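Numbering (the working numbering), first residue to last: 5 to 188.
Written out as structure tokens, the structure reads:
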């Protein structure tokens, strides 16, 4: 077992590296470009949504409130006619707040991975053992949660899976390099 307090440097270094990797995959590389598409008549759709005064939230088209309604002929007909999809509405576009929350998410997640590693690995563990354990834990953490979004909501998640693999490799390498008493 390794003292969790001895892992603050790899926790903070990984958090910074993952934040930078996220910047690269979203802003510099074309990894997430295919995730979003422009509507054919974006202005008309925006005007229609504005005109309906829809509150911020997540909406399903067609919507059913319970399993009984899901079996109803009216719902099945709406579903058959289409379109079927999800609409997400938000009105505030605070980039600073979102970036801050992303840093906190990364910090909390990497802290949890460090906690698991502190229980599983001893000080002086080999570089490869630390890399394998931490890298696998990070890869699973940052990748697996997106798969149900694809299964249930048809969301494109390949960019997030690529992010997760890169995050896993980066976190594993940083922890392996900075592990207390690491044996190379």
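The C-beta atom is built at its ideal place from N, Cα and C for all residues, glycine as well.
This structure is a prediction, so every number in the text was calculated from the model and none was measured.
{"Query": "Three-state secondary structure (DSSP) of residue 151", "Result": "helix"}
{"Query": "Segment contact flag, the stretch 159-171 with the stretch 31-43, C-beta cutoff 8 Å, min 3 pairs", "Result": "yes"}
{"Query": "Those runs of the beta strand (DSSP E) which lie wholly inside the stretch 57-143 and span at least 3 residues", "Result": "61-65, 89-93"}
{"Query": "Cα-Cα separation between residue 73 and residue 128, rounded to whole angstroms", "Result": "59 Å"}
{"Query": "Residue 6 beta carbon less than 8 Å from that of residue 126", "Result": "yes"}
{"Query": "Short Cβ contact (8 Å threshold) for residue 11 with residue 118", "Result": "yes"}
{"Query": "Euclidean distance between Cα positions of residue 25 and residue 167", "Result": "8 Å"}
{"Query": "Sequence-distant residues of its chain with Cβ nearer than 8 Å to residue 19 (five each side left out)", "Result": "107, 110, 111, 114"}
{"Query": "Residue 34, buried or exposed, once every other Cβ within 10 Å from all chains shown has been counted against 16", "Result": "exposed"}
{"Query": "Member of 80, 145, 91, 144 whose CA lies at the smallest distance from the CA of residue 43", "Result": "91"}
{"Query": "Cβ pair count under 8 Å reaching 3, the stretch 75-84 against the stretch 93-105", "Result": "no"}
{"Query": "Beta-ladder partner(s) of residue 187, from DSSP", "Result": "130"}
{"Query": "Same chain only: Cβ atoms within 8 Å of residue 134, ignoring 5 sequence neighbours per side", "Result": "121, 125, 176, 179, 180, 183, 186"}
{"Query": "Residue of 97, 17, 87, 174 minimising C-alpha distance to residue 146", "Result": "174"}
{"Query": "Integer Cβ distance of residue 169 from residue 150, believed to fall under 8 Å", "Result": "Going by Cβ atoms, the distance from residue 169 to residue 150 rounds to 12 Å, so no, they are not a contact pair."}
{"Query": "Status (buried if at least 16 other CB within 10 Å, exposed otherwise) for residue 65", "Result": "exposed"}
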